[in-house]
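According to the working numbering, the sequence shown holds residues 7 to 479 in order.
Cβ atoms here follow ideal geometry from the backbone N, Cα and C, with glycine treated the same way.
Because the structure is a prediction, the values reported are computed rather than measured.
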Amino acid sequence: MDGLLGTGRRLLPDSLNLVARCKTQWQCGRFYCNVRAKKLVSQHFQSVNLREDSLASQESKPGEMTCKSQRLMLLAGLICPSSPGCYHYMPYTVRAMEKLIKVIDQEMLAIGGQKINMPALCSAKLWKASGRWKLMGKELLQLTDRHSQEYCLGPTHEEAITDLIASQGSLAYKQLPLLLYQITRKFRDEPKPCFGLLRGREFYMKDMYTFDASKEAALQTYALVCKAYCRIFNRLGLQIVKVQAATGSIGGTMSHEFQLPSDIGEDQLMMCVNCDFSANVETIHQGETHCPACKGELVKRKGIEVGHTFFLGTKYSSVFNASVHTPQNTTVPAEMGCYGLGVSRILAASIEVLSTENAIHWPNLIAPYHICLIPPKKGSKEEKGAVLLEDLYDSIVQAIPHVEEEMVLDDRTQLTIGKRLKDAKKLGYPYVIIGGKGVLDEPYQFEVQNQNTGEILFLSKEAIIDLLSKLPK
Ligand code: ATP
Ligand code: MG
Numbered sequence: 007m008d009g010l011l012g013t014g015r016r017l018l019p020d021s022l023n024l025v026a027r028c029k030t031q032w033q034c035g036r037f038y039c040n041v042r043a044k045k046l047v048s049q050h051f052q053s054v055n056l057r058e059d060s061l062a063s064q065e066s067k068p069g070e071m072t073c074k075s076q077r078l079m080l081l082a083g084l085i086c087p088s089s090p091g092c093y094h095y096m097p098y099t100v101r102a103m104e105k106l107i108k109v110i111d112q113e114m115l116a117i118g119g120q121k122i123n124m125p126a127l128c129s130a131k132l133w134k135a136s137g138r139w140k141l142m143g144k145e146l147l148q149l150t151d152r153h154s155q156e157y158c159l160g161p162t163h164e165e166a167i168t169d170l171i172a173s174q175g176s177l178a179y180k181q182l183p184l185l186l187y188q189i190t191r192k193f194r195d196e197p198k199p200c201f202g203l204l205r206g207r208e209f210y211m212k213d214m215y216t217f218d219a220s221k222e223a224a225l226q227t228y229a230l231v232c233k234a235y236c237r238i239f240n241r242l243g244l245q246i247v248k249v250q251a252a253t254g255s256i257g258g259t260m261s262h263e264f265q266l267p268s269d270i271g272e273d274q275l276m277m278c279v280n281c282d283f284s285a286n287v288e289t290i291h292q293g294e295t296h297c298p299a300c301k302g303e304l305v306k307r308k309g310i311e312v313g314h315t316f317f318l319g320t321k322y323s324s325v326f327n328a329s330v331h332t333p334q335n336t337t338v339p340a341e342m343g344c345y346g347l348g349v350s351r352i353l354a355a356s357i358e359v360l361s362t363e364n365a366i367h368w369p370n371l372i373a374p375y376h377i378c379l380i381p382p383k384k385g386s387k388e389e390k391g392a393v394l395l396e397d398l399y400d401s402i403v404q405a406i407p408h409v410e411e412e413m414v415l416d417d418r419t420q421l422t423i424g425k426r427l428k429d430a431k432k433l434g435y436p437y438v439i440i441g442g443k444g445v446l447d448e449p450y451q452f453e454v455q456n457q458n459t460g461e462i463l464f465l466s467k468e469a470i471i472d473l474l475s476k477l478p479k
């Protein structure tokens, strides 16, 4: 604590110019120091592509498979390539992902989920016991420690969680259903990592594992989690299709994928034109052209798999001895389900399906920032409008404090408004507020652009505050 306070004191003189520049209010008490600065685009650590002096290009390499979301994310400097299938997530992307995680957490907590965090380093012993050390083969990123013990970097955690549950003795029936989940990095040595965050070798997954005493109870839990997944995608405004799917190397007896229809999707879907039936083509008999449920015509669509649920039964619990104490005082292997959501894939997939060729459109709930203010160019005839825009910023913060966290000021006034607007489109702020020609009018007005709908309004300060106060918190 001492150290922190010491650092705080040392920082004070250096912050003075920032304070002066931003006309910041600040207080320095005995135990804390509260500096409120405007969020200035010039100070953000982001994209070389957004720097005026940069000719550097973050575009994908020749010959690499690419897609719209990858191109847009690279161009906006939201991600920077590190090694094949691995990216640095820049601050705007981390903000978006944290918002996405918040939505997921809310929906998981609402169905009784409890969040845990398991090591990425997984002992080979467990994977050999389940038979998946061989089955997953080269997709497992394997390593050996200094004591010659073998490990893999977890691509999923069925073995780890089932072993954890087994180590705690039998689960009491009062604890059931037990829903445990984590949101962590996963590692898969994909043969062809591609499409940016859509198919990486290192990516974020939310994985949930559920435990019940009977098959009936487990199927109810399965339906509960699937509903929560639908709510997540609904809140994001993503039109998801839930399809029957193959169980692959995870196993189990029933599985569904949550697919986002898109031409760059790597999965082939068959969807009935009459009813709700949709399936991954892998689960359909060769040559089948009609719906098994209503005999309606099946049409083909490509999809991006953003979530995958499995009813596992006792496949893992019987291997690792994860058991449940029943009300009848018997002990039975736990009936399990596992449920994956591709967190980083959802970020990229939503950009893929919502954006135009030149402008990112985020789901509103996860846009890194909601509002970007663009003051006039230095030396332009509108220059005196700069103070009006600063005043607008302060008035918004005062009237609707929660918006402060969501607002940035593009202070790169050496650049034209047009150039900064282009960058704002690249980054996908839902609202851009420009101090353009209208700042010279009597009474003065700002230009407000809704990037998602294309709507442009000319509004007074008061009208803008009114508009922004209606944004969901
Ligand atoms: P795919 O068929 O796309 O390889 P999978 O069936 O192997 O996916 P699961 O094992 O079910 O995927 O993993 C759960 C979720 O994790 C998937 O639905 C997907 O959204 C995400 N995911 C899987 N592999 C990747 C990857 N390489 N990069 C990013 N996200 C991934
Ligand atoms: Mg896979």
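In DSSP terms, what residue i is bridged to
i           : result
residue 227 : DSSP output for residue 227 lists no bridge partner at all.
residue 309 : 267, 273
residue 184 : 217
residue 286 : 275
residue 316 : 261, 344
residue 193 : 208
residue 120 : 186
residue 248 : 264
residue 200 : 205
residue 177 : 330
residue 414 : 378
residue 468 : Answer is none; residue 468 lacks a bridge partner.
residue 296 : 303
residue 46  : 415
Whole-Å CB distance - residue i paired with residue j, under 8 Å assumed
i           : j           : result
residue 133 : residue 165 : 6 Å
residue 440 : residue 380 : 5 Å
residue 317 : residue 225 : 7 Å
residue 145 : residue 195 : 5 Å
residue 272 : residue 249 : Their Cβ separation, rounded to whole angstroms, is 14 Å, which puts residue 272 and residue 249 out of contact at 8 Å.
residue 434 : residue 377 : So it is not a contact: roughly 12 Å between Cβ atoms.
residue 287 : residue 265 : Contact doesn't hold; Cβ gap of about 11 Å is too wide.
residue 99  : residue 84  : 5 Å
residue 325 : residue 136 : 6 Å
residue 103 : residue 210 : 7 Å
residue 79  : residue 310 : Contact flag wrong, Cβ pair sits at about 15 Å.
residue 416 : residue 47  : 4 Å
residue 389 : residue 446 : Going by Cβ atoms, the distance from residue 389 to residue 446 rounds to 10 Å, so no, they are not a contact pair.
residue 369 : residue 243 : 5 Å
residue 219 : residue 186 : 16 Å between Cβ atoms; not a contact.
residue 471 : residue 401 : 6 Å
residue 340 : residue 217 : 4 Å
residue 475 : residue 405 : 7 Å
residue 410 : residue 403 : 5 Å
residue 436 : residue 458 : 5 Å
Quiz prompt | Touching by the beta-carbon criterion (3+ pairs, under 8 Å), the segment 336-343 and the segment 370-387 | solution = Segments in contact, no.
Quiz item: Do the segment 187-198 and the segment 150-170 meet, that is, are 3 or more Cβ pairs less than 8 Å apart?
Solution: yes
Self-check item: Segments of 4+ residues assigned as alpha helix (DSSP H) that fall wholly inside the segment 416-464
Solution: Unbroken alpha helix (DSSP H) stretches of 4 residues or longer found wholly inside the segment 416-464: 423-433, given in chain order.
Practice problem: Write down every uninterrupted run of the alpha helix (DSSP H) in the segment 66-109 whose length is 4 residues or greater and which is fully enclosed by it, in chain order. | Solution: 74-81
Quiz item: Do the segment 86-94 and the segment 114-124 meet, that is, are 3 or more Cβ pairs less than 8 Å apart?
Solution: no
Quiz prompt | Touch test, the segment 150-157 against the segment 200-219, Cβ-Cβ under 8 Å, three pairs minimum | solution = Touching, no, given that fewer than three Cβ pairs across the two stretches are closer than 8 Å.
Quiz prompt | Runs of alpha helix (DSSP H) lying entirely within the segment 122-160, each at least 4 residues, in chain order | solution = 130-136, 138-142
Exercise. Say whether the segment 338-351 touches the segment 306-315, bearing in mind that this needs 3 or more beta-carbon pairs closer than 8 Å, one atom from each stretch.
Key: yes
Quiz item: Are the segment 230-239 and the segment 293-308 touching, with three or more C-beta to C-beta distances below 8 Å?
Solution: no
Self-check item: Stretch-stretch touch, CB-based, cutoff 8 Å, three pairs: the segment 347-361 with the segment 413-425
Solution: no
Quiz prompt | contact_flag[the segment 173-187, the segment 316-331] where n(CB pairs < 8 Å) is 3 or more | solution = yes
Quiz prompt | Contact the segment 384-398 vs the segment 452-467: 3+ CB pairs below 8 Å | solution = As far as the Cβ criterion goes, the segment 384-398 touches the segment 452-467, which means the pair count is three or higher.
Exercise. Any chance you could list the alpha helix (DSSP H) runs of at least 4 consecutive residues sitting entirely within the segment 323-388, in chain order?
Key: 323-326, 349-360
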